[in-house]
Every structure is written in C-alpha cells, then in structure tokens.
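Protein chains: 2
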Amino acid sequence: MSSDSRPLFGKAALLGIGLIGSSLAYAMRRAGLAAHIAGFAPRAETLESARKLGFADTLHDTLAPTVRDADLVVLATPLGAFGELARAMAPHLKAGAILSDVGSVKMAVIRDVAPFVPDGVHFIPAHPIAGTEQSGPEAGFAELFDGRWCILTPLPHAHVKSVEKLRSFWQRCGSHVELMDAKHHDLVLAITSHVPHLIAYNIVGTAADLETVTQSEVIKYSAGGFRDFTRIAASDPVMWRDVFLNNREAVLEMLGRFNEDLSSLQRAIRWGDGEMLLNLFTRTRAIRRSIIDAGQDIGEPNFGRSRPKR
Amino acid sequence: MSSDSRPLFGKAALLGIGLIGSSLAYAMRRAGLAAHIAGFAPRAETLESARKLGFADTLHDTLAPTVRDADLVVLATPLGAFGELARAMAPHLKAGAILSDVGSVKMAVIRDVAPFVPDGVHFIPAHPIAGTEQSGPEAGFAELFDGRWCILTPLPHAHVKSVEKLRSFWQRCGSHVELMDAKHHDLVLAITSHVPHLIAYNIVGTAADLETVTQSEVIKYSAGGFRDFTRIAASDPVMWRDVFLNNREAVLEMLGRFNEDLSSLQRAIRWGDGEMLLNLFTRTRAIRRSIIDAGQDIGEPNFGRSRPKR
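Written out as structure tokens, the structure reads:
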C-alpha cells in the first residue's frame with residue numbers, strides 16, 4: 303500500500319456490490335481513493351444489506367444515476383451481464399471516465415463491452431486475483447486484495463495515463479499490479495483458477511451421487527482431503543457458470559492437459575508403477591513451498607485450521 | 303475426550319514417529335494413556351529429532367526392545383513397510399497385546415499383517431482420519447485427532463474387549479470412533495481422501511509442465527484456487543505412493559466415476575450448457591455447509607486465511 307492519501311477519483315461507481323464490489327468499497331474507503339462511492343444492484347435485498355453495512359455513499363437500482371459524473375466505473379457483477387450493462391449505461395458515461403471491471407475472463411469482457419464504450423471513455427479491463435467462497439455484500443472486507451495480484455489487460459492503444467491511474471488505484475487497494483495480454487491472461491487463469499474450480503465442483507458432485515458410499519459418510523470422513531475441495535465448490539454458482547461459458551477455449555485446452563496427465567497416473571496405479579508416483583509426488587511438494595515463499599499462501603499446516611498449542 | 307484419567311496401557315510402542323506417530327505420543331501424554339511410550343524409527347536423524355522433542359520415554363532403532371512387554375503396538379510408518387515390520391516383530395510381541403495401525407488402507411493392511419500375528423495377540427486395524435501436509439516428528443501435535451473420526455476395522459472374530467479398549471483409547475485421544483468393514487472403509491476413503499489427493503497431485507503436475515504458462519505465473523496467480531490444491535499435493539510422497547499401490551481397485555473405481563462426470567462437464571462447457579453447470583454448482587454449495595455443520599471444517603472464508611478485522 304502506498305502512503306499517498308490524496309483521493310484519486312471524485313466519484314467511483316460500483317456496478318455490482320457482492321463480495322468483490324463491497325470489498326472494493328471498503329478498500330477504497332480505507333485508502334481514501336474516492337470522494338463519493340456509488341453502488342448499483344438490481345435486487346432490493348442486496349441494496350438493503352448494503353445500506354445497513356454502509357460501505358457506499360449512495361445506492362441505486364438504476365444505472366444512469368449510478369454512473370453519472372463518475373470518474374471510475376467498475377463492472378463487478380457476474381460477467382455474463384457485462385455486455386447488457388455496458389450497452390445500457392454507455393449514454394450516461396462521463397467523458398474522460400475510466401471504465402474497468404473485475405471479471406475472471408478478459409477476452410470475453412473485451413468482446414462484450416468494447417463495442418459500447420463511447421469515444422473519450424477509457425476502457426481498461428482488470429482482474430483482481432482474490433476472493434473467498436462466500437458471496438454477497440455481507441461477505442466483503444477491506445483486506446481482501448492485500449498482497450494479492452491484480453492483472454490489467456489494456457487494449458493496444460489504451461490511454462497510458464489512465465492505465466497508470468488504475469494501476470495506482472489497485473496498488474492503494476493493497477494489490478500488486480501486472481499488465482498482461484488478455485488472451486494470455488485467460489490461459490493463465492484457466493490453469494490457476496478455472497480448471498481447479500471445475501475439478502473441485504466435479505469431485506464434490508461425484509461424491510454426492512455415489513450409491514456405494516452414503517452422503518453422511520462423505521461428510522463425516524471429509525477431513526481426509528475432500529473437505530478442501532468443498533470450499534472451492536461452494537463458490538458463487540452464477541459467477542462460475544459465466545466464467546466457464548466465457549473462457550471455453552482455454553478451459554478445454556487446460557482440461558485436455560489435465561486429463562492426459564490423469565490417464566497416465568491412472569495407468570501407473572493400475573500397473574503398480576510406484577516410481578512414477580513417487581516422482582510426481584516429490585516434485586509437487588516444491589511448488590507448495592514456492593507459493594508460500596511468494597506470499598500467496600500461509601505456511602501453517604492445514605491452512606492454520608488446526609493450530610498446535612505448543 | 304473422557305475425563306477418565308487412569309492409564310489404559312502399561313507400555314505403548316509406536317513403530318514410526320512421523321506426523322501421526324509423534325502426534326499420537328503427544329495425545330497419549332495429554333490424556334495419560336500409557337505409563338511408558340516407546341518409539342521406533344530406522345533413521346538416526348528421526349531418532350535425534352524425537353529425542354530433542356521428548357515425546358517418547360525410550361527411542362529405538364531395532365524392533366525387539368521397542369515392542370517387548372508392550373500392551374499396545376501401533377504401526378505408523380508408510381503402509382508399504384507394515385508386512386515386513388509385522389514379520390520381524392512377531393516373535394517379540396507380548397501375549398494379550400493389542401496390535402493396531404494408522405494406515406489409510408485397511409484391506410491391504412489385513413492382507414500384509416494378519417498372517418504374522420501370533421495367537422493371543424489382538425490385531426485390530428485402525429485409521430484416524432486426520433493429518434496435515436507436513437511430515438516428520440517435528441510436525442506432530444497433541445490436538446491433531448481432536449474432533450476427527452477414527453475408523454476401526456476389526457476382523458470378524460476380533461477380541462471384543464480389546465476392540466472396546468482401542469475405542470476408548472482413540473476417544474481419549476480426542477476422536478470420535480466408528481466401526482466399519484475393511485472393504486467398505488477402503489471405498490469410503492477412496493472418494494473422501496485418495497482420489498482428492500490424486501487429482502491435487504495431478505493438477506499441480508500439469509501446471510508445472512505447461513509451456514504456454516510459466517511456473518512463475520502459476521505461483522503468482524495461485525490465489526485464484528490453485529493454491530488450495532498445492533497444500534494437499536505437498537503431503538508425504540512415500541506415504542501416498544503406498545496408499546495408491548495398496549488401494550488400487552477402489553481408487554480406480556472412484557476415479558472412473560470422477561472421469562465420467564468430468565467428461566459430461568467438459569461437454570457442457572463445449573456446448574454452452576449453462577443450466578447444467580448452474581445446477582451442479584448450486585448442489586455442491588450445500589455439501590460444504592453440511593461439512594461445517596458436522597464440525598469437520600471451519601466456516602470462516604478461505605479456511606480463515608484472510609481474516610476480516612471488522
């Protein structure tokens with residue numbers, strides 16, 4: 303976090319105030335990044351929760367008053383809604399505004415949003431690599447982005463000063479910032495996020511559908527490893543449906559690699575190839591160590607769930 | 303935990319003093335379950351660590367003095383070594399002793415150990431569903447088994463009083479205890495533990511071998527989900543090799559189901575079947591809730607890794 307505390311923006315508009323949108327509001331407040339935070343949500347319950355929590359200065363169920371005069375507009379709904387939101391708010395955007403988002407797929411966001419961006423509005427797609435399995439405005443907190451990476455995927459002729467301003471914004475929200483090509487982003491996230499979610503959802507589904515093992519047994523004995531997967535498989539269903547529908551090509555490519563490797567592990571088990579198994583299991587241990595050293599996970603056993611008292 | 307504090311056993315012998323063996327020693331000490339704890343390990347470094355930590359009364363690099371006069375003997379090495387250990391220690395076992403283990407597969411343990419068990423020694427296989435990704439005597443702690451399940455898989459004509467004694471032992475180590483048929487145990491663990499470990503090892507291997515995404519990118523952006531898998535994939539390589547070599551049939555069966563389901567998810571992504579995806583993603587969320595309600599995981603977001611300060 304920078305120690306600079308001048309507000310970067312007059313008004314910031316958050317379209318979507320769930321886990322990410324509300325966390326962004328808290329992080330902006332913490333760092334004093336906007337003089338006014340406006341939040342938009344279509345559902346009355348969401349707006350009511352947000353009103354009680356108090357993280358926004360104004361709350362709206364229509365787009366025009368949310369984005370009017372905003373210097374920063376951030377799309378933070380499930381990404382399947384971005385195109386329609388962009389189309390509907392375009393006439394109300396202020397000249398010189400930065401339009402960004404937090405979607406987990408970047409090629410599809412560019413495809414859906416770019417056609418509606420008016421001249422003079424600076425569209426800079428972004429993706430903070432942060433989240434929890436919870437959703438909704440109650441799930442948000444200011445520290446969500448601390449120490450995590452935020453990837454910006456500006457288009458080739460993006461407005462350089464706006465890109466730098468958005469970089470500074472995310473840094474002051476606590477993040478490290480990296481610039482990347484959108485297509486490459488989608489490939490990287492397919493392996494670091496999308497396929498992991500897919501196989502977590504999948505194994506939880508498989509376990510629930512067995513006839514030979516009861517659901518109650520799966521739950522009781524989940525501490526053997528399964529429970530870790532259920533956390534990821536508890537993530538927001540609509541958000542993740544939209545991710546898979548919109549990063550199809552990269553997900554299928556990475557899934558193909560995963561399947562190839564799994565077939566060869568399956569074969570090693572069938573034929574009793576202990577050396578092949580030991581080899582892989584030894585290599586993977588080192589990667590965990592690198593992730594802890596890079597500050598992207600804590601080193602305590604079991605994610606600190608079981609804390610030795612010694 | 304029971305409030306009863308009479309020692310259950312005079313001497314208890316732990317063959318293997320890694321994460322599980324050392325944790326068992328601490329848990330026994332905490333509850334006063336044995337008058338004397340003897341530890342065995344073949345490697346001098348392991349013995350030296352254990353000596354410094356002080357969780358055992360005596361430490362040995364040979365079997366005979368470890369198990370001599372022991373009322374409880376627990377096999378706690380990787381399970382590929384159990385057969386040879388059983389053969390070698392059999393002549394030194396005390397009549398009336400309970401011989402148990404902590405192996406993650408039960409049919410193979412019975413196959414390997416039962417033939418060597420002398421008349422008058424009560425062989426009762428057991429499996430505490432607890433652990434962390436760390437290994438070695440330094441990784442152990444008394445609370446490891448608290449609130450977790452321990453499954454006993456006694457043979458059909460097992461000595462009932464000894465089974466009850468072992469049940470009481472594990473309860474006083476902090477666990478819930480369940481009795482189960484060994485074959486069924488192996489099927490349950492295949493889906494709740496073994497296949498989850500296999501796919502975690504697999505995706506970490508896949509990610510490390512890509513040419514299009516660098517290892518450094520995988521590490522930096524791992525907070526999108528991948529990092530969760532690396533914890534499991536950092537588990538002890540030898541232990542897990544032995545699990546897969548010894549629970550082949552059940553693992554391949556469950557892996558077959560996993561693969562079938564994954565193919566159908568893959569197809570849904572390819573053809574844009576959002577309804578099918580949303581359906582699964584909604585069902586899996588409920589299972590997470592049941593696991594938390596059953597006390598088998600904590601409910602804090604991100605396993606409590608990111609703790610909101612509000």
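Just so you know, the protein sequences line up as chains A and B, in that order. Residue numbers for the first sequence follow the numbering used here, beginning at 303 and rising by one. Residue numbers for the second sequence follow the numbering used here, beginning at 303 and rising by one. Virtual Cβ for every residue (Gly too), placed ideally from N, Cα, C.
- For a Cβ distance threshold of 9 Å, residue set Lys522, Tyr523, Ser524, Ala525 and Gly526 of chain B lies close to Ile431 of chain A, ordered along the chain.
- Chain B has a Cβ within less than 8 Å of the Cβ of His499 of chain A.
- Restricted to the stretch 369-455 of chain A, the alpha helix (DSSP H) segments that are unbroken, complete and at least 4 residues in length are 384-391 and 409-415, listed in chain order.
- With distances taken between CA atoms, Glu555 of chain B lies nearest to A:Arg572 out of A:Arg572, A:Val415 and A:Val462.
- The Cβ atoms of Arg413 of chain B and Ile431 of chain B lie no closer than 8 Å to each other.
- Membership of Ile319 of chain B in any beta strand (DSSP E) is not indicated, and neither H nor E is assigned to it by DSSP.
- For Ala336 of chain A, the closest C-alpha among the options A:Leu326, A:Gly312, A:Ser566 and A:Pro439 is that of A:Gly312.
- For Phe342 of chain A, the uninterrupted beta strand (DSSP E) segment begins and ends at Ala336 to Phe342.
- Judged by their CB atoms, Val490 of chain B and Tyr523 of chain A are nearer to each other than the 8 Å cut-off.
- One thing to note: Ser406 of chain B has its Cβ no nearer than 8 Å to the Cβ of Asp538 of chain B.
- Ile493 of chain A and Arg529 of chain B have their C-alpha atoms spaced approximately 11 Å apart.
- For Thr368 of chain A, the number of other beta carbons within 10 angstroms of its own is at least 16, and it is reported as buried.
- Among the CB atoms of chain B, one or more fall inside 8 Å of the CB of Gln568 of chain A.
- Leaving aside the five residues that flank Ala390 of chain A on each side, the residues in its chain whose CB is nearer than 6 Å to its CB run, in chain order, Leu365.
- DSSP places Glu513 of chain B in the coil class of the three-state scheme, outside both helix and strand.
- In the DSSP assignment, His478 of chain B is bridged to B:Trp451.
- Per DSSP, Thr494 of chain B lies in no beta strand (DSSP E) and is assigned neither H nor E.
- Within the stretch 577-601 of chain A, the residues whose Cβ lies closer than 8 Å to any Cβ of chain B are, in chain order, Leu579, Leu580, Leu582, Phe583, Thr584, Arg585, Thr586, Arg587, Ile589, Arg590, Arg591, Ser592, Ile593, Ala596, Gln598, Asp599 and Ile600.
- Within chain A, no C-beta atom comes less than 7 Å from the C-beta of Gly320 of chain B; the nearest is roughly 13 Å away.
- Contact annotation: Thr360 of chain A and Ala333 of chain A have beta-carbon atoms that are not nearer than 8 Å.
- DSSP places Thr586 of chain B within a helical segment (H, G or I) once states are collapsed to three.
- Taking the C-beta atoms as reference points, Ala314 of chain A is found nearer than 8 Å to Met330 of chain A.
- Secondary structure at Ala333 of chain B: helix, using DSSP grouped into helix, strand and coil.
- Only buried fits Thr508 of chain B, as 16 or more other CB atoms lie within 10 angstroms of its CB.
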